[in-house]
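S.K.: Quick one: the structure is below, and I'll ask about it shortly.
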Amino acid sequence: MALSEETKAIIKATAPAVKEHGKAITSRMYDIAFTARPEFKRFFVNTWMKHPIDGGPQPARLAEAVCAYALNIDKLDALEGPLAHIAHKHTDTRVIAEQYPVIGACLLQAIKDVLGDAATDEVMAAWGEAYEFLADVLIEKEKAIYQQEDAEMLAKARAGGD
Ligand code: HEM
Numbered sequence: 006m007a008l009s010e011e012t013k014a015i016i017k018a019t020a021p022a023v024k025e026h027g028k029a030i031t032s033r034m035y036d037i038a039f040t041a042r043p044e045f046k047r048f049f050v051n052t053w054m055k056h057p058i059d060g061g062p063q064p065a066r067l068a069e070a071v072c073a074y075a076l077n078i079d080k081l082d083a084l085e086g087p088l089a090h091i092a093h094k095h096t097d098t099r100v101i102a103e104q105y106p107v108i109g110a111c112l113l114q115a116i117k118d119v120l121g122d123a124a125t126d127e128v129m130a131a132w133g134e135a136y137e138f139l140a141d142v143l144i145e146k147e148k149a150i151y152q153q154e155d156a157e158m159l160a161k162a163r164a165g166g167d
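Positions 6 to 167 (this note's numbering) are the ones given, in order, by the sequence shown.
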C-alpha cells in the first residue's frame, strides 16, 4: 500500500533530525537487536564479525540508507540502484523476510530513544509505516533474487543429470 501524504510529510519533516543523529540511531538499533537476538550477529560477516565492538562501517551505511530514504520519500525511483545493491548484500548473507519486523522494532525503538521528546506518537507511527513500506520493497527484491538463484540451481542440476 502506498504511503499517505500525511506520513510522507512527517517523514520529510523529521529527516533532518534523523540525519543529524543517524549513526547514534543505527548504533543504538544494533545494540538493541544484538542484545535481544545475539544470533543475528552471525549474518554480519563483513562488518560485526570483523569489527565486534562498533561494526566497522555498518551503522554509518545503514544511517545513510535510512536518511536517503527519508529525503527521497516522494521520489523512491531515485533509490532504485542503492536498493538493488542492499538487496544483494542481504541475499549474500541469507537475510529472510521474517527478520524485517524484528529489525524494524529495534530501529523504531532506537529512533525513540535518540530523538526523545521529538519522537511523538505521530512521528513514531509515520516511521513505523515508512519502515514497513521500505521493508516490503526490499523483501520483494530479495524474493526475486532467491527465486532466480533457485531457478539457476535447478537448471544446473537438470543439466548435470542428463
Ligand atoms: C528496511 C530495512 C533495512 C535497510 C534499509 C537495510 C540497509 C542495509 C544497508 C545500507 C546495508 C549495507 C550495504 C553495503 O554494504 O553497502 C545493509 C547490509 C546488511 N543488512 Fe540490512 N537493511 C535492512 C534490513 C535488514 C534486516 C531485516 C536484516 C536481518 C538481519 C539485515 C541484515 C543485513 C546484513 C547481514 C548486511 C550485510 C552486512 C555485512 O556484510 O556484514 N538488514 N543493510
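The beta-carbon is built from N, C-alpha and C at its ideal position, and this holds for glycine as well.
(1) By DSSP, does P57 sit in helix, in strand, or in coil?
(2) Drop a sphere of 10 angstroms on the beta-carbon of A68, count the other beta-carbons inside from all chains shown, and report buried for 16 or more, exposed for fewer.
(3) When you compare each of A115, I91, R42 and D59 to G133 by their alpha carbons, which one comes out closest?
(4) Using DSSP with H/G/I as helix, E/B as strand and the rest coil, what is A22?
(5) If you check the beta carbons only, do I144 and Y105 fall under 8 Å apart?
(6) On the DSSP letters alone, give me the boundaries of the alpha helix (DSSP H) that L8 sits inside.
(7) Check each candidate in A22, K146 and E11 and name the one with the smallest Cα separation from A123.
(8) Where do the ends of the alpha helix (DSSP H) carrying Q104 lie?
(9) Do T12 and ligand 1 come close, with the Cβ less than 7 Å from some heavy atom?
(10) Is the closest heavy atom of ligand 1 to the C-beta of K94 under 7 Å?
(11) Counting C-beta neighbours from all protein chains within 10 Å, is the total for T40 16 or more, i.e. buried, or is it exposed?
(12) Between which two residues does the alpha helix (DSSP H) containing F174 stretch?
(13) DSSP three-state call for P62: helix, strand or coil?
(14) Let me confirm a value: G165 is counted as buried when at least 16 other C-beta atoms fall within 10 Å, else exposed. Which label applies?
(15) When every heavy atom of ligand 1 is checked, does at least one fall within less than 7 Å of the C-beta of A123?
(16) Helix, strand or coil, according to DSSP, for D36 in the structure here?
M.R.: This is what the structure holds:
(1) Along the sequence shown, read from residue 1 onward, the residue named residue 57 stands at position 52. The three-state reading of DSSP puts P57 in coil, since its state is none of H, G, I, E or B.
(2) Taking the sequence shown and counting its residues from 1, one reaches residue 68 at position 63. Flag for A68 reads buried.
(3) Taking the first residue of the sequence shown as position 1, residue 133 is located at position 128. Of the candidates A115, I91, R42 and D59, the one whose C-alpha sits nearest the C-alpha of G133 is A115.
(4) Stepping through the sequence shown from its first residue, residue 22 is reached at position 17. Reduced to three states, the DSSP call for A22 is helix.
(5) Counting from one through the sequence shown, the residue named residue 144 turns up at place 139. Counting from one through the sequence shown, the residue named residue 105 turns up at place 100. Less than 8 Å separates the beta-carbon of I144 from that of Y105.
(6) Mapped onto the sequence shown, residue 8 falls at position 3. Taken as a continuous stretch (DSSP letters only), L8 belongs to no alpha helix (DSSP H), as it is neither H nor E.
(7) Stepping through the sequence shown from its first residue, residue 123 is reached at position 118. Taking only the C-alpha atoms, the option nearest A123 is A22.
(8) Reading the sequence shown from its first residue, position 99 is the one you call residue 104. Segment: none, Q104 is in no alpha helix (DSSP H) and carries neither H nor E.
(9) Within the sequence shown, residue 12 is the residue found at index 7, counting from 1. Checking every heavy atom of ligand 1 against the Cβ of T12, none is found closer than 7 Å.
(10) As a position in the sequence shown, residue 94 is number 89, starting the count at 1. Answer for K94: yes, Cβ within range of ligand 1.
(11) Translated into the one-based positions of the sequence shown, residue 40 becomes position 35. When all chains shown are included, T40 counts as exposed.
(12) The displayed coordinates of the chain run from 6 to 167. Any statement about residue 174 would go beyond what the structure contains.
(13) Along the sequence shown, read from residue 1 onward, the residue named residue 62 stands at position 57. Three-state DSSP puts P62 in coil, outside helix and strand.
(14) Reading the sequence shown from its first residue, position 160 is the one you call residue 165. Residue burial is scored here from C-beta neighbours: G165 has fewer than 16 other C-beta atoms within 10 angstroms and is therefore classed as exposed.
(15) Along the sequence shown, one-based indexing puts residue 123 at 118. Incorrect: A123 has no Cβ contact closer than 7 Å to ligand 1.
(16) Position 31 of the sequence shown, counted from the start, is the residue given in the question as residue 36. Helix, per DSSP.
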